[in-house]
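A.B. asks: For the sequence shown, the residue numbers in the working numbering are 8 to 509.
Shown below is the structure under consideration.
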Amino acid sequence: MTYFSNLYQTIKLGILFYNCELPEKFVPLEKKSNLIRIFRGKRKKNKTFSNVLESLGPSYIKLGQFLATRPDIIGREQANELSFLQDNLPTFNKDISIGIIESEFNTKVEDVYDEFGDAIAAASIAQVHRALINKEQKVAVKILRPSVDRKFKKDFEYFYFIADLFEKINPELKRLKFKDSIMTMQRSVQMEMDLRFEAAAISEISNNMQTDDEYVVPRVFWEKTTKKILTIEWIDGISIKDRDLLIKNGFNLKELARIVIQSFLTQALRNGFFHADMHQGNLLVNTDGKLVILDFGIMGRLGEKEQNFLAEILWGLITKNYKRAAEIHFEAGYVPKDQRLDEFSQALRAIGEPLTGKKANDISMANVLTQLFEVTEQFQMETRPELLLLQKTMVVTEGVARDLDPDLNMWDIAKPVVSKWIEEKISPEKKIKKTIEDISKFGSAINDLPELIHSAKIANENFHKILDAKDKNREKQNFFMKSIFWIITLFILLSSIIILLD
């Protein structure tokens, strides 16, 4: 895209978004241009932000889903609306799917699948067909949309242009890392466009949850999976949004709500790898009453550092130790050093104290997380995409559960998972174990020191002999060689310390 085509696209989108219902926080009245009014005529506020993004196509739907993880940019109200933006598009012709299958496997479709049906659902990147293998095994076949990569590439070039434009207009926006966020989003979409990555995500989630009896993850058929084709086990079930049918079949909605919440928390907190698109369309209930999780294109991951950080924060809020919760933010490097610890502690108290005295079923864990991340703007903290994705998924998951059980007691449901996780992460026993592991690492490094120092001495002696033959100034040589020797020794000791701290 050229600069002028990008500019033209911006004007068109500006007019389009101007005519939709946006919060005044997002598009302040005083900043609305009179020039736009000339081109658009009478303003008709008959579309939501979500409606507009859906009408713009696949890339903008993905953008909307991504913006749902950034309440710091668009506000909590708008982020919550976008959290429920679902990626549904018309299907493409079955013959195109057959052509892709035959090209990928270099054989006739009949040699790959015993039966291959029409598409039953479609999204921006792929569509799903029902099929049959091994004469009786029902499978779901996900086929990548043709030329989808070119369309996304063009749109992402434009997104980078807009991000650059925003940062030039207001340099303070650099703190929000628009370009980094778009890069993260682009990387995620690129992974979605290689269905082998989704297959790997299914496999990892399945391994993580194999001891959990209340959740079901479909099996991957790797021999019938390529970059453009994913074949997984077909699982029959009732959509979790069909309350009446669930009740008719004798399912306990309160129990299902519990399973939904604990499923997500188990993935995120215990395993550090979670399904980040837990809307109703991706959740079924099978005949055994187990939760079936589908569509693993969007996943989130929390490292050890992020897991410990969250455990300490939640524990600090639960115990009202706001100073400790604040210290954790500073220790993790999430808060700039020029900010004040006591003021940040006060901000956390403003979140925690209103929870005192409230009934458990009146407290939303998603809202608590959202408030925590809103503090980032006040204290100029850099955004953490993985934590924002966690917060967005928590909002969606809690919404699904509350639709099943409006009287949901979030804390009672979360307590078994969260308390066990906190105990494992920050209990004295855990910290002692971590210290022992660090000492063990340091001990291994120390054991290697004599041999390394001996090698350094030999290198020193050989080097000394060579220089001695070339230079008569022995005092300078001795000083130089001793310096070399101690630099090498110091390097070895520092390396050992680094191993300890790593």
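All residues carry an ideal CB built from backbone N, CA and C; glycine is no exception.
Could you give the distance in angstroms between the alpha-carbon of Asp414 and the alpha-carbon of Ile245?
C.D. replies: So the alpha carbons of these two residues sit roughly 22 Å apart.
A.B. asks: Bridge partners of Glu143, per DSSP?
C.D. replies: According to DSSP, which records beta bridges pairwise, Glu143 is partnered with nothing at all.
A.B. asks: Tell me whether the beta-carbon of Ile239 lies closer than 8 Å to the beta-carbon of Ala147.
C.D. replies: Yes, the pair counts as a contact, with Cβ atoms nearer than the cut-off.
A.B. asks: What residue range does the beta strand (DSSP E) around Thr114 cover?
C.D. replies: Element bounds for Thr114: n/a, residue is neither H nor E.
A.B. asks: Between Ile268 and Ile420, how many whole angstroms is the CB-CB distance? I'm expecting something under 8 Å.
C.D. replies: Their Cβ separation, rounded to whole angstroms, is 5 Å, which keeps Ile268 and Ile420 in contact under 8 Å.
A.B. asks: Between Glu338, Leu298 and Ser426, which lies nearest to Lys312 when the distance is taken from Cα to Cα?
C.D. replies: Minimum Cα distance to Lys312 is reached at Glu338.
A.B. asks: Excluding five sequence neighbours on each side, which residues of the same chain lie with their C-beta closer than 7 Å to the C-beta of Val196?
C.D. replies: Result list for Val196: Lys69 and Phe159, in chain order.
A.B. asks: In the DSSP output, what is Ile300 paired with across the bridge?
C.D. replies: The partner list for Ile300 (beta bridge, DSSP) reads Leu290.
A.B. asks: Of the residues Gly106, Lys101, Phe271 and Val227, which one's Cα is nearest the Cα of Val407?
C.D. replies: The residue with the shortest Cα to Cα distance from Val407 is Phe271.
A.B. asks: What is the C-beta distance between Met200 and Leu151, in whole angstroms, given that I count them as a contact (C-beta under 8 Å)?
C.D. replies: Right, their Cβ atoms sit about 7 Å apart.
A.B. asks: In the DSSP assignment, the beta strand (DSSP E) including Arg277 goes from what residue to what residue?
C.D. replies: Counting along the chain, Arg277 falls outside any beta strand (DSSP E), and DSSP gives it neither H nor E.
A.B. asks: Using only CA atoms, which one of Asp302, Gly296, Ser352 and Asp295 lies nearest to His282?
C.D. replies: Nearest option by C-alpha distance: Asp302.
A.B. asks: Counting C-beta neighbours from all protein chains within 10 Å, is the total for Lys399 16 or more, i.e. buried, or is it exposed?
C.D. replies: Buried: at least 16 other Cβ atoms inside 10 Å.
A.B. asks: If you reduce the DSSP assignment to three classes, tell me which class Val375 lands in.
C.D. replies: Of the three classes helix, strand and coil, the one that applies to Val375 here is helix, per DSSP.
A.B. asks: Kindly indicate which three-state DSSP category Ile247 falls into: helix, strand or coil?
C.D. replies: Reduced to three states, the DSSP call for Ile247 is coil.
A.B. asks: Hey, quick one: how far does the alpha helix (DSSP H) through Ile358 stretch, first residue to last?
C.D. replies: Run containing Ile358: Leu348 to Gly359, per the alpha helix (DSSP H) assignment.
A.B. asks: From Asp125, Pro423 and Thr404, pick the residue whose C-alpha is nearest to that of Arg137; which is it?
C.D. replies: Of the candidates Asp125, Pro423 and Thr404, the one whose C-alpha sits nearest the C-alpha of Arg137 is Asp125.
A.B. asks: Suppose the cutoff is 6 Å on Cβ atoms and the five residues either side in sequence are ignored; what does the same chain contact list for Phe73 look like?
C.D. replies: The residues are Met192.
A.B. asks: Quick one: give me the first and last residue of the beta strand (DSSP E) that Arg308 is part of.
C.D. replies: First-last of the beta strand (DSSP E) with Arg308: Met306 to Arg308.
A.B. asks: Going by alpha carbons, who is nearest to Leu355 out of Pro343, Lys344, Ala332 and Val342?
C.D. replies: Nearest of Pro343, Lys344, Ala332 and Val342 to Leu355, Cα basis: Ala332.
A.B. asks: Counting along the chain, where does the alpha helix (DSSP H) carrying Ala264 start and finish?
C.D. replies: Unbroken alpha helix (DSSP H) run through Ala264: Leu260 to Leu272.
A.B. asks: Inspect the beta-carbon positions of Leu202 and Leu237 and report whether they are closer than 8 Å.
C.D. replies: Closer than 8 Å, so yes.
A.B. asks: Where Glu389 and Asp345 are concerned, what is the direct C-alpha to C-alpha distance, given to the nearest angstrom?
C.D. replies: Distance between the alpha carbons of Glu389 and Asp345 is about 13 Å.
A.B. asks: Name the two residues that bound the continuous beta strand (DSSP E) containing Glu122.
C.D. replies: Glu122 to Ala129 is the span of the beta strand (DSSP E), which, as asked, contains Glu122.
A.B. asks: Can you give me the start and stop residues for the beta strand (DSSP E) that Leu237 sits inside?
C.D. replies: Where Leu237 is concerned, the enclosing beta strand (DSSP E) stretches over Ile236 to Glu240.
A.B. asks: Hey, Pro65 and Leu96: beta-carbon distance below 8 Å or not?
C.D. replies: Closer than 8 Å, so yes.
A.B. asks: Starting from Thr404, trace the alpha helix (DSSP H) in both directions and tell me its first and last residue.
C.D. replies: Where Thr404 is concerned, the enclosing alpha helix (DSSP H) stretches over Pro392 to Leu411.
A.B. asks: Could you spell out the range, first to last residue, of the alpha helix (DSSP H) harbouring Leu70?
C.D. replies: That run of the alpha helix (DSSP H) goes Pro65 to Leu74.
A.B. asks: With Lys422 as the anchor, note down where its alpha helix (DSSP H) starts and where it stops.
C.D. replies: Met417 to Ile433 is the span of the alpha helix (DSSP H), which, as asked, contains Lys422.
A.B. asks: Is it buried or exposed, Gln85, if we count other Cβ atoms within 10 angstroms and call 16 or more buried?
C.D. replies: Label assigned to Gln85: buried.
A.B. asks: Find out if the Cβ-Cβ distance for the pair Ile429, Leu321 is shorter than 8 Å.
C.D. replies: Yes.
A.B. asks: Measuring alpha carbon to alpha carbon, tell me which of Lys235, Met216 and Asp219 ends up nearest Ala206.
C.D. replies: Closest option to Ala206, Cα to Cα, is Lys235.
A.B. asks: For a minimum of 4 consecutive residues, which ranges assigned as the alpha helix (DSSP H) are wholly contained in the region 179-212?
C.D. replies: As far as the region 179-212 is concerned, its whole alpha helix (DSSP H) runs of at least 4 residues are 185-199.
A.B. asks: Between the Cα of Ala275 and the Cα atoms of Phe173, Ile300, Ile433 and Met306, which residue gives the shortest distance?
C.D. replies: Per the Cα distances, Met306.
A.B. asks: Phe185 and Phe173 - do their beta-carbons sit closer together than 8 Å?
C.D. replies: Yes.
A.B. asks: Would you tell me roughly how many angstroms separate the C-alpha atoms of Leu309 and Gly279, rounded to the nearest one?
C.D. replies: Going by the C-alpha atoms only, they are around 5 Å apart.
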